[in-house]
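According to the numbering used here, the sequence shown is numbered sequentially starting from 150.
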Amino acid sequence: MPELYQKLEEIVSKKYISNSLYVRHAYSRTVDPVLQGVPDIVIRPKDAQEVSEILKIANEENIAVIPRGGGDCEFGGSKPIDDSGIVLDLKRMNNVVNLDQENLIVTVEAGISWGKLNDYLCNFGLYTGCLGPGSGLTASVGGGISHQSVGGGGCAKYGSCTNQLVSLEVVLPTGEIIETGSQANKYSKFPFNRFGNGPDFSSIFCGDNGIFGVKTQASLQIFPKPPFADYKTFLMPRKSEEISAKIFTEIRRKGIDIYDSMYFMDLLVRVGTEKGIFPLWENLKRKRGTMFYTVEANTEKELEEKVKQVDKIFLQNKAEELGPEIADGNIGKWHYVEQGHWLIAHNLWGLIPGFTALDAECHTPIAAYPGILKDVELWDLEHSNEMEKILEISGMRPISGAGPIILIGDHNVELTTGVTSFESYIDGKNYEIIEELNIKLWKSLLERITKHGVTWYMLGDILSRLLIEIGAFQPEYLQFLKSVKKTLDPRFILSRGKFNFWGENGKKIS
Ligand SMILES: Cc1cc2nc3c(=O)[nH]c(=O)nc-3n(C[C@H](O)[C@H](O)[C@H](O)COP(=O)(O)OP(=O)(O)OC[C@H]3O[C@@H](n4cnc5c(N)ncnc54)[C@H](O)[C@@H]3O)c2cc1C
């Protein structure tokens, strides 16, 4: 190990590598509190060349490498799966490389955050359309593309952030550096098209959860931000899951170009208001579900027309409009005007100290989510015994339900559902029983929702392996996935262990 450390230090210099205990522990977790893997080394390269040299050494030494952007994955994706390996922190690579205003394409280093990128673009009246994930103030463009993220604003209109991708610079697990899309033509002067004289190989790195290559640069389409926008929030009838789905469907069926729309179920509004995470709804007399929409337009007339059409759909479905100001409860305005799109989910991980979401995030057709939420209620009843055990120790029963349900591209919604439970460390004591129950509950919930046929996009440690363990993949597809992995990464260096891909024979080799 000292020799390996020395070789890596020669690549990045002393300042950008560490094996100190506190740095290794700082990189041993992502957002959830129940998954941990302590790396041997943390390294912070500055460009593709350094990444390439690191990967070549990792191949020689047969040591796992885990790419990490903002570390905001909720499923343990950017920490080691066991206690070993090198965490490759890409956040040093956070510059805008080129703004092509003529062709409306921006090229950035993969570690830049969505917040920093859009802050830069707004100086030119531009934005990325889909603003990445809700964690966009810290989450990176590379992490967003690796997760196929969506939800941080603009996703009803623009879909997930991978829709905007034109080309990537990727370091393959064996160290070769490639450019995808139009840049595959060595005579091309700038990125302008996603296909590279043949297949769309940018796509295999979209949603790959960091197993096929390290993204070092990305070129994205960008858009002029329209000068007009409106945003309204509605109080929904009680138990309005079905009604909200009907509203989303009608918006799509009428082909209305909506920028964002979200539904907050009754329980979320009630508990969220009680716990202080939605101060703008504290004065609502009836703490019921709410739903908002945002539309953008190039002229006042166009805006007026769109608002009229969307309002009609909401009002016909018995939704009651709240006042226009944030203080009136108009979360739609806060979401669009005050960057709420990057703040809205943050408190879900800090509802009450020690209370934390073990969640499930998936894409599903609009019509499917009311049924999934009913099944989550049933699942909760079936797991009452485990929940009661946590209640006995912590004084509070875990809560199951859904976060904001978001209209996204492909006529889907992004569904965040799950169980919010206590961490095992309570009043200075570690309760192993809670640790065990949390993992058990989480796996059971993920399995249950998988059986609704959903598409997971952020798989990380726990979900990528669970899908294999419960046999959720079509066998031929799984074989295909593994062959691609083996071709690109013969020693299974990159993100070793995800999907239970440990090595040639499927055996754990770390
Ligand atoms: C408050 C909060 C809100 C969130 N809201 C959303 C949301 O609305 N929508 C959503 O989709 N997710 C959401 N997330 C989850 C997560 O933040 C996003 O999926 C985000 O895109 C992850 O980006 P990151 O830079 O933090 O990636 P990381 O967590 O660092 O990494 C994610 C995965 O990508 C890989 N990876 C990272 N960078 C690279 C790279 N350059 N090359 C190759 N692989 C790489 C990692 O190995 C890992 O598998 C939220 C999380 C939090 C905490």
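All C-beta atoms in this analysis are idealised placements derived from N, C-alpha and C, irrespective of residue type, glycine included.
query                                                                                                                         : result
Endpoints, beta strand (DSSP E) assigned at glutamate 584                                                                     : Unbroken run through glutamate 584 is the alpha helix (DSSP H), 581–599; no beta strand (DSSP E).
Collapsed DSSP secondary structure at isoleucine 642 in the structure displayed                                               : coil
For aspartate 409: DSSP bridge partner residues                                                                               : Thr443
Proline 340 and valine 315 closer than 7 angstroms at C-beta                                                                  : yes
Distance CB(alanine 259)-CB(alanine 333) smaller than 7 angstroms                                                             : no
Nearest-angstrom Cβ-Cβ length linking leucine 204 and valine 191, presumed shorter than 8 angstroms                           : The pair is not a contact, with the Cβ atoms about 16 angstroms apart (cut-off 8 angstroms).
Nearest-angstrom beta carbon gap, phenylalanine 377 and glutamate 449 [assumed within contact, 8 angstroms]                   : 6 angstroms
Segment contact flag, the region 591–602 with the region 572–580, C-beta cutoff 8 angstroms, min 3 pairs                      : no
Methionine 545 beta carbon near ligand 1 (any heavy atom closer than 6 angstroms)                                             : no
beta-carbon cysteine 304 near ligand 1 non-hydrogen atom, thresh 6 angstroms                                                  : no
Closer than 6 angstroms: alanine 551 CB and nearest ligand 1 heavy atom                                                       : no
Residue burial classification, glycine 425 (beta-carbon count within 10 angstroms, cutoff 16)                                 : exposed
beta-carbon glycine 291 near ligand 1 non-hydrogen atom, thresh 6 angstroms                                                   : yes
Glutamate 535 classed as buried or exposed, judged by whether at least 16 other C-beta atoms fall within 10 angstroms         : buried
Three-state secondary structure (DSSP) of arginine 217                                                                        : strand
Within the region 180–243, ranges of the alpha helix (DSSP H) (whole runs, at least 4 residues)                               : 197–210
Residues that DSSP places opposite aspartate 379 in a beta bridge                                                             : Val444
Alpha-carbon spacing of isoleucine 371 relative to threonine 382, whole angstroms                                             : 28 angstroms
DSSP state of glutamine 465 mapped onto helix, strand, coil                                                                   : helix
Sequence-distant residues of the same chain with beta carbon closer than 7 angstroms to glutamate 391, five excluded per side : Pro519
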